[in-house]
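Chains A, B, C and D, in that order, give the protein sequences.
One point on numbering: in this note's numbering, the residue at position 186 of the first sequence is 186, and numbering is uninterrupted.
One point on numbering: in this note's numbering, the residue at position 230 of the second sequence is 230, and numbering is uninterrupted.
One point on numbering: in this note's numbering, the residue at position 91 of the third sequence is 91, and numbering is uninterrupted.
One point on numbering: in this note's numbering, the residue at position 17 of the fourth sequence is 17, and numbering is uninterrupted.
Ideal Cβ positions, reconstructed from N, Cα and C, are used throughout, including at glycine.
First up is the structure itself, then whatever we jot down about it.
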Amino acid sequence: MGKIVAGIGSSHVPSIGRAYDQQKQTDPAWQPLFDGYEPVKRWLAEEVKADVVILVYNDHGTEFFLDCYPTFALGVADSYAVADEGYGKRPLPDFPGDAAFSEHLANHLVADEFDLTLCQEMALDHGFLTAMPLLWDHDETAWPVKVVPLLVNVIQHPLPTGQRCYKLGEAIRRAVEAYPEDTRVAVVGTGGLSHQLNGERFGHINEEWDKQWLQRIQDEPRELAALSHKEVMTEAGAEGGEVIMWFVMRGAMTERVEEVHRFYYAPMTTGMALLALNNSD
Amino acid sequence: MGKIVAGIGSSHVPSIGRAYDQQKQTDPAWQPLFDGYEPVKRWLAEEVKADVVILVYNDHGTEFFLDCYPTFALGVADSYAVADEGYGKRPLPDFPGDAAFSEHLANHLVADEFDLTLCQEMALDHGFLTAMPLLWDHDETAWPVKVVPLLVNVIQHPLPTGQRCYKLGEAIRRAVEAYPEDTRVAVVGTGGLSHQLNGERFGHINEEWDKQWLQRIQDEPRELAALSHKEVMTEAGAEGGEVIMWFVMRGAMTERVEEVHRFYYAPMTTGMALLALNNSD
Amino acid sequence: MSDTQERWGIPGTYVFDLTLSRQGYAINKMCNSLKFDENREAFKADEEAYMERYGLSEEQKQAIRERDWLRLTQLGGNLFFFLKLGATLGYGLYTIGAQMRGESYEQFMSTRNVPGAT
Amino acid sequence: MSDTQERWGIPGTYVFDLTLSRQGYAINKMCNSLKFDENREAFKADEEAYMERYGLSEEQKQAIRERDWLRLTQLGGNLFFFLKLGATLGYGLYTIGAQMRGESYEQFMSTRNVPGAT
Ligand SMILES: [Fe+3]
Ligand SMILES: [Fe+3]
Numbered sequence: 001m002g003k004i005v006a007g008i009g010s011s012h013v014p015s016i017g018r019a020y021d022q023q024k025q026t027d028p029a030w031q032p033l034f035d036g037y038e039p040v041k042r043w044l045a046e047e048v049k050a051d052v053v054i055l056v057y058n059d060h061g062t063e064f065f066l067d068c069y070p071t072f073a074l075g076v077a078d079s080y081a082v083a084d085e086g087y088g089k090r091p092l093p094d095f096p097g098d099a100a101f102s103e104h105l106a107n108h109l110v111a112d113e114f115d116l117t118l119c120q121e122m123a124l125d126h127g128f129l130t131a132m133p134l135l136w137d138h139d140e141t142a143w144p145v146k147v148v149p150l151l152v153n154v155i156q157h158p159l160p161t162g163q164r165c166y167k168l169g170e171a172i173r174r175a176v177e178a179y180p181e182d183t184r185v186a187v188v189g190t191g192g193l194s195h196q197l198n199g200e201r202f203g204h205i206n207e208e209w210d211k212q213w214l215q216r217i218q219d220e221p222r223e224l225a226a227l228s229h230k231e232v233m234t235e236a237g238a239e240g241g242e243v244i245m246w247f248v249m250r251g252a253m254t255e256r257v258e259e260v261h262r263f264y265y266a267p268m269t270t271g272m273a274l275l276a277l278n279n280s281d
Numbered sequence: 001m002g003k004i005v006a007g008i009g010s011s012h013v014p015s016i017g018r019a020y021d022q023q024k025q026t027d028p029a030w031q032p033l034f035d036g037y038e039p040v041k042r043w044l045a046e047e048v049k050a051d052v053v054i055l056v057y058n059d060h061g062t063e064f065f066l067d068c069y070p071t072f073a074l075g076v077a078d079s080y081a082v083a084d085e086g087y088g089k090r091p092l093p094d095f096p097g098d099a100a101f102s103e104h105l106a107n108h109l110v111a112d113e114f115d116l117t118l119c120q121e122m123a124l125d126h127g128f129l130t131a132m133p134l135l136w137d138h139d140e141t142a143w144p145v146k147v148v149p150l151l152v153n154v155i156q157h158p159l160p161t162g163q164r165c166y167k168l169g170e171a172i173r174r175a176v177e178a179y180p181e182d183t184r185v186a187v188v189g190t191g192g193l194s195h196q197l198n199g200e201r202f203g204h205i206n207e208e209w210d211k212q213w214l215q216r217i218q219d220e221p222r223e224l225a226a227l228s229h230k231e232v233m234t235e236a237g238a239e240g241g242e243v244i245m246w247f248v249m250r251g252a253m254t255e256r257v258e259e260v261h262r263f264y265y266a267p268m269t270t271g272m273a274l275l276a277l278n279n280s281d
Numbered sequence: 001m002s003d004t005q006e007r008w009g010i011p012g013t014y015v016f017d018l019t020l021s022r023q024g025y026a027i028n029k030m031c032n033s034l035k036f037d038e039n040r041e042a043f044k045a046d047e048e049a050y051m052e053r054y055g056l057s058e059e060q061k062q063a064i065r066e067r068d069w070l071r072l073t074q075l076g077g078n079l080f081f082f083l084k085l086g087a088t089l090g091y092g093l094y095t096i097g098a099q100m101r102g103e104s105y106e107q108f109m110s111t112r113n114v115p116g117a118t
Numbered sequence: 001m002s003d004t005q006e007r008w009g010i011p012g013t014y015v016f017d018l019t020l021s022r023q024g025y026a027i028n029k030m031c032n033s034l035k036f037d038e039n040r041e042a043f044k045a046d047e048e049a050y051m052e053r054y055g056l057s058e059e060q061k062q063a064i065r066e067r068d069w070l071r072l073t074q075l076g077g078n079l080f081f082f083l084k085l086g087a088t089l090g091y092g093l094y095t096i097g098a099q100m101r102g103e104s105y106e107q108f109m110s111t112r113n114v115p116g117a118t
């Protein structure tokens, strides 16, 4: 039987990827960030030992255009390419998929009335890429886990509601637990926390709100998920509205959760956060 | 306030389009079909007088490929091109959209937890094209109605369930009734009835089942919508499974409906049907 | 004979589910490319090279070489895409269908209610 | 000033909703095309012709001529797409952002907690 063995929330920011590729791990401006991810990387490798990662992310004008924009898109492929975002491809290996598990998810979730777009080819941009090498060791050709990319529209309103994202997470848990194989599944919700990249309010961050978020997503996720997009964006910035992707992760966890690790750092224009959760029930 | 003023079920078959373009209206093999649509065309022009048509259809390998396949895709454009399906473009004018109305639908339906793919460009193949000129008069450049294309995946399983399609129709009715303009909306569900285009059972049709369908979709649509895809395909053929698109139309109508016109003709490989319904409540 | 037939249990029918779609992805991607005239010309000029370019398996190539539409269906070809291959090669829907039924075109047409409605 | 600001009522913020997305569709489609090197070259060789080809309105063209990123945002440009235009023209994210705030690059950087983390 499939089992959800970890829930992780993580920011995705292009500058983190650049810092990683340029090996700035001990650069004073970047060391706090990389150090912040270390304990979780260790926990995942030594205790969690996931077989598959469902990573919830959004595309940033890389692979999807506005001619045809999905609300939710699920990868159902054997492998996923690293996208070129216009500055050359990052030196990361392509990702192995678990097509059989993806198909199970697709069949289950569509039967459960989630109207997914299904992708047999999908190149992954920093929305997906940022967290992966900070959470799982890789060499030049391979990753130690298989992945299932799950894209959420957080670019063009109407976005799915926070509650819809939460329900998608709940449905993912049901689907995972109905999987006949003994597969250990980690769910990673990416995005946020506060940031804004448009208008006169460019650069808006809200550290207070971010810190509350890291607690409230644990204790009262349904209340958070009931906030309107306007409420979230007013506090967390227009692009901070993408935090709804964390609800998919949180909805896939049990009612009560246990905090394994928490980290927060807001050096430039984004509240960078990491939260690792364990199921309590 | 928006209002749903007609519900229509209609087959979509490439050969009908060819017969129309080649002016076979009085060809003995085709006259029954064209005569069958005439009363409904008249009713729509003289009594219904719709401003906008939501037409539920599927693409047939024309505009959408399996790299990225949506469950539901809604057009939100000002105009829609006639697609070239590989034999040249049909001599029909492109279709005017009603982008403001489409946007209203998109906002409403996504808030109502339908995970739509939204399309700002969308070329329309015979799934969309077949019924239009049989139901609305056009000249070389213009149509008398605006359109909103709503695509359903009926090609690659998992398809949405019949019940999900029915619920989408119900949500469309709520959205239409919440539209501030006095817009008269016709909903057309296309596809079917029985046909099969693959395997040793190619050419399977089931006239008995089709005739029951035309009554049951009126009287007990929820029972029909609860049938599994396997049950429907066993009776109506693999490609006949696309009849689920009629549930979107039926769900948008009132609980009880009044039959305005019914027509059925099964000359070759498809049970060709037309059903025009009025709201009773 | 075919997994999808076992999964679905509908005789003479190959339900195009995700499993089958994934198996036939290369076929359908190649066939989809034949919506463009220049690609149809390239295919006709060198079928083998064109199939190789899209990464078809030997089995899939063989089904195309033999114009065996039933086999192509069993290997994951979807009719809506391989109709473009049919058009490129001069095979229409009813010719393809008759072959899948194991009949001649004439036999198949004789089973229809109004064979003039094509 | 901008409809989307009225619709959403968040100061200094242009929520990219469908209405705005439709208004800016030509901008974003053009910018999206700049992911390919040959298109970046074509744009740089003749900006006016390139903008014309994508059907930008005069207002939209003018915002691009002036590298006015705030105006471009108000007219429906989405940052994730117009970053490709920025990259083509040599404008990075923080330069664009500082301009939208009405600040110099240095002024903007002085408002950051750890300006070295770029
Ligand atoms: Fe993002
Ligand atoms: Fe169809």
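Point to revise | 7 Å Cβ cut-off: residues of chain A touching residue 121/B | key: Reading the second sequence from its first residue, position 121 is the one you call residue 121/B. Chain A residues near residue 121/B: 67.
Check your understanding: Under a CB-based cut-off of 9 Å, is residue 25/D close to chain B?
Key -> Taking the first residue of the fourth sequence as 1, we reach residue 25/D at position 25. Closer than 9 Å: yes.
Point to revise | Classification of residue 285/B by the beta-carbon crowding that lies within 10 angstroms, buried from 16 upward | key: One cannot answer for residue 285/B here, as it falls past the ends of chain B, which runs 1 to 281.
Review point. Hey, would you say the C-beta of residue 239/A is under 8 Å away from at least one heavy atom of ligand 1?
Key: The residue labelled residue 239/A in the question sits at position 239 within the first sequence. Checking every heavy atom of ligand 1 against the Cβ of residue 239/A, one is found closer than 8 Å.
Review point. Mind checking whether the beta-carbon of residue 154/A lies closer than 8 Å to any heavy atom of ligand 4?
Key: Annotation note on ligand 4: not contained in the displayed structure, which lists ligand 1 and ligand 2 as its ligands.
Review point. Which residues count as close to ligand 1 when the rule is a CB under 6 Å from any of its heavy atoms, in chain order?
Key: 12/A, 58/A, 60/A, 127/A, 191/A and 242/A
Review point. Residue range of the alpha helix (DSSP H) that residue 16/A falls in?
Key: Against the first sequence, residue 16/A aligns to sequence position 16. That run of the alpha helix (DSSP H) goes 14-21.
Review point. For the putative contact between residue 212/B and residue 204/B, defined by C-beta atoms under 8 Å, what is the C-beta separation to the nearest angstrom?
Key: Along the second sequence, read from residue 1 onward, the residue named residue 212/B stands at position 212. Along the second sequence, read from residue 1 onward, the residue named residue 204/B stands at position 204. Their Cβ separation, rounded to whole angstroms, is 16 Å, which puts residue 212/B and residue 204/B out of contact at 8 Å.
Point to revise | 9 Å Cβ cutoff met for residue 155/A and residue 32/D | key: For the purposes of this step, residue 155/A is identified with residue 155 of the first sequence, where counting begins at 1. For the purposes of this step, residue 32/D is identified with residue 32 of the fourth sequence, where counting begins at 1. Contact flag unset, no.
Exercise for review: Decide yes or no for the touch test of the segment 79-97 of chain B against the segment 101-109 of chain C: beta carbon pairs closer than 8 Å, at least 3 of them.
Suggested key: no
Exercise for review: Report the residue ranges of all alpha helix (DSSP H) runs contained in full by the segment 2-64 of chain C; include only those spanning at least 4 residues, in chain order.
Suggested key: Counting only runs of at least 4 residues, the segment 2-64 of chain C fully encloses the following alpha helix (DSSP H) elements, listed from N- to C-terminal order: 3-8, 18-23, 25-33, 37-45 and 47-53.
Review point. Are there 16 or more other CB atoms within 10 angstroms of the CB of residue 36/D, so buried, or fewer, so exposed?
Key: Here the question's residue 36/D lines up with position 36 in the fourth sequence. Under this definition residue 36/D is an exposed residue.
Check your understanding: Nearest to residue 3/B by CA position, among 117/B, 16/B, 172/B and 121/B, is which residue?
Key -> Along the second sequence, one-based indexing puts residue 3/B at 3. It is 172/B whose Cα lies nearest to the Cα of residue 3/B.
Review point. Going along the segment 66-86 of chain B in order, which residues come within less than 7 Å of chain D, judged by CB to CB distance?
Key: 76
Review point. Just checking, does the segment 2-19 of chain B make contact with the segment 40-49 of chain A on the three C-beta pairs under 8 Å criterion?
Key: No: the two stretches stay apart, fewer than three of their Cβ pairs being nearer than 8 Å.
Practice item. Could you name the residues of the same chain whose beta carbon sits closer than 7 Å to that of residue 60/C, not counting the 5 residues immediately before and after it, in chain order? Key: Your numbering for residue 60/C matches position 60 in the third sequence. Within the same chain, residue 60/C has close Cβ partners 26, 27 and 75.
Exercise for review: Would you mind listing the beta strand (DSSP E) stretches within the segment 116-179 of chain B that are 3+ residues and don't spill past its ends, in chain order?
Suggested key: Runs found: 117-119 and 146-152.
Practice item. Verify the CB distance criterion: does residue 157/A have a CB-CB separation below 9 Å to chain B? Key: Your numbering for residue 157/A matches position 157 in the first sequence. At least one CB of chain B lies nearer than 9 Å to the CB of residue 157/A.
Exercise for review: For residue 10/B, write down the residues that DSSP places opposite it in a beta bridge.
Suggested key: The sequence position of residue 10/B within the second sequence is 10, counting from 1. Answer is 190/B and 274/B.
Point to revise | Closer than 9 Å to chain B by CB, residue 118/D | key: Indexing the fourth sequence from 1 puts residue 118/D at position 118. Closer than 9 Å: no.
Check your understanding: Alpha carbon to alpha carbon, how far is residue 44/D from residue 67/D?
Key -> Here the question's residue 44/D lines up with position 44 in the fourth sequence. Here the question's residue 67/D lines up with position 67 in the fourth sequence. Each residue's alpha carbon lies about 14 Å from the other.
Exercise for review: Starting from the N-terminal side, write out each stretch of the beta strand (DSSP E) that is 3 residues or longer and does not extend beyond the segment 229-277 of chain B.
Suggested key: 257-265
Review point. DSSP state of residue 222/B, grouped into three classes?
Key: As a first step, residue 222/B is located in the second sequence; it is residue number 222 there, counting from the start. DSSP places residue 222/B in helix when its eight states are reduced to three.
Exercise for review: Taking residue 30/A as the query, report the chain D residues whose CB atoms sit under 7 Å from its CB, ordered along the chain.
Suggested key: One-based indexing of the first sequence puts residue 30/A at position 30. Near residue 30/A (Cβ distances below 7 Å), the residues of chain D are 117.
**Study point:** 7 Å Cβ shell around residue 83/B - same chain, five flanking residues per side excluded
**Key:** Here residue 83/B refers to the residue found at position 83 of the second sequence. The residues are 62, 63, 123, 124 and 125.
Practice item. Answer with buried or exposed for residue 174/A, where buried requires no fewer than 16 other C-beta atoms within 10 angstroms of its C-beta. Key: For the purposes of this step, residue 174/A is identified with residue 174 of the first sequence, where counting begins at 1. Exposed is the call here.
Review point. Considering only the beta carbon of each residue, do residue 268/B and residue 118/C sit closer than 9 Å?
Key: Numbered from 1 along the second sequence, position 268 holds the residue referred to as residue 268/B. Numbered from 1 along the third sequence, position 118 holds the residue referred to as residue 118/C. Yes, they are a contact pair.
Check your understanding: Going by the CB atoms, is the gap between residue 71/A and residue 127/A shorter than 9 Å?
Key -> In the first sequence, residue 127/A corresponds to position 127, counting from 1. In the first sequence, residue 71/A corresponds to position 71, counting from 1. No; because the gap between Cβ atoms is not below 9 Å, this pair is not in contact.
Practice item. With DSSP as the reference, label residue 110/B as helix, strand or coil. Key: For this step, residue 110/B is matched to residue 110 along the second sequence. DSSP places residue 110/B in helix when its eight states are reduced to three.
Review point. Does residue 266/A come within less than 9 Å of chain D when only Cβ atoms are used?
Key: As a first step, residue 266/A is located in the first sequence; it is residue number 266 there, counting from the start. Nearest CB-CB separation between residue 266/A and chain D: below the 9 Å threshold.
Review point. How far does the beta strand (DSSP E) with residue 293/A in it reach, from first residue to last?
Key: For chain A, the structure presents residues 1 to 281; residue 293/A sits outside this window and is missing.
Exercise for review: Using a Cβ cut-off of 8 Å, pull out every chain C residue sitting near residue 118/A, in sequence order please.
Suggested key: Here residue 118/A refers to the residue found at position 118 when the first sequence is read from its first residue. Near residue 118/A (Cβ distances below 8 Å), the residues of chain C are 18.
Exercise for review: Examine chain C for any beta-carbon lying closer than 9 Å to the beta-carbon of residue 15/B, and answer yes or no.
Suggested key: Counted from its first residue, the second sequence places residue 15/B at position 15. Answer yes: the Cβ-Cβ gap between residue 15/B and chain C drops below 9 Å somewhere.
Practice item. Have a look at 24/A, 104/A, 13/A and 265/A and flag the residue whose alpha-carbon is nearest the alpha-carbon of residue 179/A. Key: Translated into positions along the first sequence, residue 179/A becomes position 179. For the residues 24/A, 104/A, 13/A and 265/A, the minimum Cα distance to residue 179/A belongs to 104/A.
Check your understanding: Which residue from 69/D, 113/D, 71/D and 89/D puts its Cα closest to that of residue 46/D?
Key -> Here the question's residue 46/D lines up with position 46 in the fourth sequence. Nearest option by C-alpha distance: 89/D.
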